[in-house]
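**Q** Numbering (full-length UniProt numbering), first residue to last: 1 to 413.
Using N, Cα and C, we set each Cβ at its ideal position, and we do this for glycine too.
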């Protein structure tokens, strides 16, 4: 392995972290944004071309594959562990409510986004990738606009103190279900696109059989096995091996490794994963994911002076944020939440972040969407996540003022 590999990994880890330590930067941009922008800056500044001229190719070839493999390893582990969250005594509160929020929020946004994507293709056929069709392109756009970023949501709930509130619990359970819709949608699109030979059913049926085998055969066996090993060390090794093997199987079956990672994480005993999952998640966050985000930034092609590109980014952003926020808020209001809490929930559910970037990378690799659409969707993901914090402050202030008025009226009465 060449010195270039170690120097590239060191740069991808250290440079964004050092920039993030600057007081002015840290108050404005999350570390994930800085990592993505470092990749974009390396491309726009000519640094990537300079490195290529000197024999360091960050986009193609063995070095690029090795670097991107480190990033994808981080994503595989985080996706697998994203369904593991702190145990709550109120986890089963109002199950029909969180199911309704998830189904309506994801389903309606998927439909609206799909119509937007289909309409765009009628005007600009070049937006479709080589293996895409208008229907598959529309479905792909709809899926991307409907995504809720579970890892980002967990972080936001912790930072805002909403994790153990009624709205926070509802958002978390709804986002967990959204993750399921995301992977079901992606496997359907990839199968119909014929990414691998044999047709949709030849791809879909083995994956369904594998998922059922993991759920009804492997899960009971693993439950007994985890009881016999050291929970913190041997348990971590066993769990990671299950995740990686599951990812390898779905990749061999003709769909993306991320689906296998999700299946592998879902069948692991939750009580065992809570022993070692948080530690691995922190390691992934600091040592592996930065490589993925900087590499993603390198692949973005933002046309700064292209009106169509910014129209796409604005259209995707408005459709994703407005549709998901309004549908979730209205569903929650019909379920009994006051409007202030309903819009608070809608704001939480519209954030994108990591899961959006994973989805668009999968669709770009499958050549269903073009690089222009990939970049516009990435801008949408960044904008929606960036706007989550100020929108939360807005709805929380309205909620607090509403409660204050109610309390004053009660005392006056």
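1) Could you give the distance in angstroms between the alpha-carbon of residue 174 and the alpha-carbon of residue 181?
2) Since I believe residue 146 is in contact with residue 188 (beta carbons under 8 Å), could you give me their beta-carbon distance rounded to a whole number of angstroms?
3) Looking at residue 255: is its Cβ nearer than 8 Å to the Cβ of residue 323?
4) Mapping DSSP to helix, strand and coil, what is residue 369?
5) When we look at the beta-carbon of residue 385 and count the other beta-carbons within 10 Å, is it buried (16 or more) or exposed?
6) How many whole angstroms separate the CB atoms of residue 143 and residue 177, which I take to be in contact at a CB cut-off of 8 Å?
7) Classify residue 128 as helix, strand or coil using the three-state DSSP reduction.
8) I believe residue 129 touches residue 368 by the beta-carbon criterion, under 8 Å. Please report the beta-carbon distance rounded to the nearest angstrom.
9) Grab the span of the alpha helix (DSSP H) containing residue 10 for me, first residue to last.
10) Hey, could you find the ends of the alpha helix (DSSP H) residue 184 is sitting in?
11) Starting from the Cα of residue 11, find the closest Cα among 365, 379, 290, 127 and give me that residue.
12) For the candidate residues 250, 75, 275, whose alpha-carbon lies nearest to that of residue 226?
13) Let me know the secondary structure DSSP gives residue 149 once reduced to three states.
14) Helix, strand or coil for residue 133 per DSSP?
15) Restricting to Cα atoms, I'd like to know which of 121, 151, 44, 57 is closest to residue 284.
16) Can you give the beta carbon distance from residue 222 to residue 267, rounded, assuming they're within the 8 Å contact cut?
17) Report the three-state DSSP secondary structure of residue 89 (helix, strand or coil).
18) Is the Cβ-Cβ distance between residue 424 and residue 23 less than 8 Å?
19) Measuring straight from C-alpha to C-alpha, what distance separates residue 245 and residue 339?
20) For residue 159, name the three-state secondary structure that DSSP assigns.
21) Once the 5 residues before and after residue 157 are set aside, which same chain residues still bring their CB inside 6 Å of it?
22) Residue 127 and residue 120: beta carbons closer than 8 Å?
23) Could you give the C-beta distance for residue 381 and residue 356, rounded to a whole number, given that I count them as a contact under 8 Å?
24) Tell me whether residue 395 sits in a helix, a strand or coil according to DSSP, three-state version.
25) Hey, residue 19 and residue 25: beta-carbon distance below 8 Å or not?
26) Within the continuous alpha helix (DSSP H) that includes residue 478, where are the two ends?
27) With 16 other CB atoms within 10 Å as the buried threshold, where does residue 395 fall?
28) Determine the burial state of residue 241: buried for a count of at least 16 other Cβ atoms within 10 Å of its Cβ, exposed for fewer.
29) Straight-line CA distance for residue 80 to residue 233?
30) Please classify residue 2 as buried or exposed, where buried requires at least 16 other C-beta atoms within 10 Å of its C-beta.
31) Looking at the secondary structure, which residues open and close the alpha helix (DSSP H) in which residue 25 lies?
32) Give me, in chain order, the residues of the same chain whose beta-carbon lies closer than 7 Å to that of residue 363; leave out the 5 immediate sequence neighbours on both sides.
33) Roughly how many angstroms lie between the CA atoms of residue 206 and residue 319, to the nearest whole one?
34) Leaving aside the five residues before and after residue 229 along the sequence, list all residues of the same chain whose C-beta is less than 7 Å from its C-beta, in chain order.
35) Mapping the DSSP letters down to three states, classify residue 272 as helix, strand or coil.
**A** Answer, in terms of the structure:
1) 11 Å
2) Not confirmed; about 13 Å, so no contact.
3) no
4) strand
5) buried
6) Rounded, the Cβ-Cβ distance is 15 Å, inconsistent with contact.
7) Strand at residue 128.
8) About 5 Å separates the Cβ atoms of residue 129 and residue 368, confirming a contact at the 8 Å cut-off.
9) 3 to 20
10) 166 to 192
11) Of the listed residues, the one whose Cα sits closest to residue 11 is 290.
12) 275
13) coil
14) It is coil, neither helix nor strand.
15) Nearest C-alpha to residue 284: 151.
16) Yes, they are in contact, since the Cβ atoms of residue 222 and residue 267 sit about 7 Å apart, within 8 Å.
17) The predicted position of residue 89 is uncertain, since its pLDDT is 47 and thus under 50; a value taken from the coordinates is nonetheless stated next. Coil at residue 89, not helix or strand.
18) An answer regarding residue 424 cannot be provided, because it is not within the stretch 1 to 413 covered by the chain.
19) If I take the Cα positions, the gap works out to 45 Å.
20) helix
21) 163, 168
22) yes
23) 4 Å
24) helix
25) Cβ atoms of residue 19 and residue 25: closer than 8 Å.
26) It is not possible to answer for residue 478, since the shown part of the chain is limited to 1 through 413.
27) buried
28) exposed
29) 18 Å
30) exposed
31) 23 to 26
32) 140, 369
33) Distance from the CA of residue 206 to the CA of residue 319, rounded to the nearest whole angstrom, comes to 35 Å.
34) 235, 238
35) helix
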